[in-house]
Amino acid sequence: MQGFANTKAVVGAALLAGAFLICGDARADEIVKPGDKVRIDFTCRLSNGEIAATTDRALASDDGVKKASIFQARKSEEPLVITAGPDEKTYGKRGARGFEGEIVAEMANAVVGMNPGGTKSLEVKRERAKPQGNEPMVLEMARVRIRPKEVKMTPEEYRGRTGKDPEVGQGYTVDPATPGKVESVSDQQVVIRFHAEPGKKVKTPLGEGEIRETAKNYEIVIDAKRGDLVRSGPMVGRIMDVDERVITIEYSHPLGYEELKCEVKVHSIEQ
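Our numbering numbers the first residue of the sequence shown as 2 and each following residue consecutively.
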C-alpha cells in the first residue's frame, strides 16, 4: 500500500509539472502580433512631468495630479482597444493624426512583442511637419475677445440655434466667461443679455484671460505667453509670438515640439 501511495504521489507530481509546463507554454505563446486587437492603457507626460494624455480614468479625474494645458480627458468610458503594428489605413499618415492620434499610433507599434499584463516605457517623438496643400501652419488669433452685452434675434433664429422655444429667464451661453439669459420675448424679437464680472480671471484655450467692460461689450484680454502649448481641436500648437493685438501660434510640429515620456500597459489580446 505504501508503494502504491508513493506511486500516486509521483504520478501526481508529474501531472502537476506537466500542467505547469502547458500553462507556461500557453502564456509564452500569448504575445502581441501585428494585426492583433489589444486592450491597453497609456499615460504620457511632458518633459516637466505634467500629464499630456492618459486613458487612466482615475488619473484623469484626480485633481491632485497636475495636467498640462493641452490635456483633454478621454470622452469614451469604454476600454481602449487598438490594432497592433504600423497601419496607415487605421491611424493615418505620420504627422497628420492629431496629438492623441500620434500617441495611439506609437502605442500600436510599441505593444508588438509584449505579453498581456506587461508594461513598457517609451518616448514619443516626431519631426516637424510639412505644410499640406493650403493648410496654414501658423495661425494668428485675436488677443482681445469681444463679447456683446446684448444680442437680438428673431424667435425663428433662436429656435434654429437652440432647438427650443424662447422663454424669459432661459440660459443662452456663447462663451462660458459671459453667460447670458433671455431678457424678453415678443412675436418679432428675442433679447438676450449677457453678464460678466469686470476684473474676473477666466480660463481660455490660449491662456488666462481678464474681463474688461466697455459701454456695449465685454472684452476678454488673454495673458498669452510665448512658448506655451495650446490646443485647437485635435491639434497642438506652440505660441511663438504675442503682441497687444495678436497671438501667433505655430502648428508645424504634431507634438508642439515636445518629446513625450510614456508608459503603456497591455491588458489583454481581444478575440
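The C-beta atom is built at its ideal place from N, Cα and C for all residues, glycine as well.
Bear in mind that the values here come from a model prediction, so they are computed numbers and not experimental data.
Nearest candidate by alpha-carbon position, reference residue i, set the options
i, options, result
"valine 183", "Lys266, Ser77, Tyr159, Lys226", "Tyr159"
"lysine 226", "Arg144, Ile270, Ser233, Pro177", "Arg144"
"isoleucine 248", "Glu51, Gly208, Glu107", "Gly208"
"glycine 170", "Thr91, Val191, Arg129, Ile221", "Val191"
"glutamate 79", "Thr91, Thr56, Phe100", "Thr56"
"valine 267", "Ser62, Val113, Met241", "Val113"
"threonine 120", "Gly164, Ile32, Ala97", "Ile32"
"glutamine 272", "Asp63, Ala53, Val152, Ile83", "Ile83"
"alanine 97", "Val243, Met236, Val265, Asp244", "Met236"
Buried or exposed (CB count within 10 angstroms, at least 16 for buried), residue i
i, result
"threonine 179", "buried"
"glycine 210", "buried"
"isoleucine 273", "An answer regarding residue 273 cannot be provided, because it is not within the stretch 2 to 272 covered by the chain."
"arginine 162", "exposed"
"arginine 246", "exposed"
"lysine 238", "Reading the sequence as shown, one finds glycine at residue 238 and not lysine. By the neighbour-count rule (16 or more Cβ atoms within 10 Å), glycine 238 is buried."
"lysine 202", "exposed"
"threonine 44", "buried"
"lysine 68", "buried"
"alanine 106", "buried"
"methionine 241", "exposed"
"alanine 216", "exposed"
Contacting residues, own chain, Cβ-Cβ under 8 Å from residue i (five flanking each side not counted)
i, result
"glutamate 124", "Glu260, Leu261, Lys262, Cys263"
"asparagine 218", "Ile147, Arg148, Pro149, Lys150"
9 Å Cβ cutoff met for residue i and residue j
i, j, result
"lysine 34", "glycine 102", "no"
"valine 231", "serine 70", "yes"
"valine 39", "serine 187", "no"
"arginine 292", "leucine 256", "Since the first residue of the chain shown is 2 and the last is 272, residue 292 is not available in this structure."
"proline 167", "proline 177", "no"
"threonine 91", "alanine 111", "no"
"glycine 93", "glycine 234", "no"
"glutamate 198", "isoleucine 212", "yes"
"valine 152", "isoleucine 104", "no"
"glutamate 89", "phenylalanine 72", "no"
Contacting residues, own chain, Cβ-Cβ under 6 Å from residue i (five flanking each side not counted)
i, result
"leucine 140", "Ile250"
"leucine 16", "With a pLDDT of only 36 at leucine 16, under the threshold of 50, the placement of this residue in the model should not be trusted, and no figure is reported."
"phenylalanine 195", "Lys150, Thr179, Gly181"
"alanine 61", "Thr55, Ala74"
Cβ neighbours of residue i in the same chain (closer than 7 Å, five flanking residues each side left out)
i, result
"alanine 27", "Note that alanine 27 has pLDDT 37, beneath the 50 cutoff, so the model's placement of it is unreliable and the number below is only indicative. No residues qualify anywhere along the chain."
"threonine 174", "Pro180, Gly181"
"tyrosine 258", "Arg239"
"methionine 154", "Val191"
Every unbroken alpha helix (DSSP H) inside the region 203-266 [4 residues or more]: none
Entirely enclosed beta strand (DSSP E) segments - the region 97-160, minimum 3 residues: Within the region 97-160, the complete beta strand (DSSP E) runs of at least 3 residues are 120-125, 139-143, 145-149, 151-154.
Please give the ranges of any alpha helix (DSSP H) in the region 45-82, keeping only runs that are unbroken, at least 4 residues long and fully inside the region. 58-62
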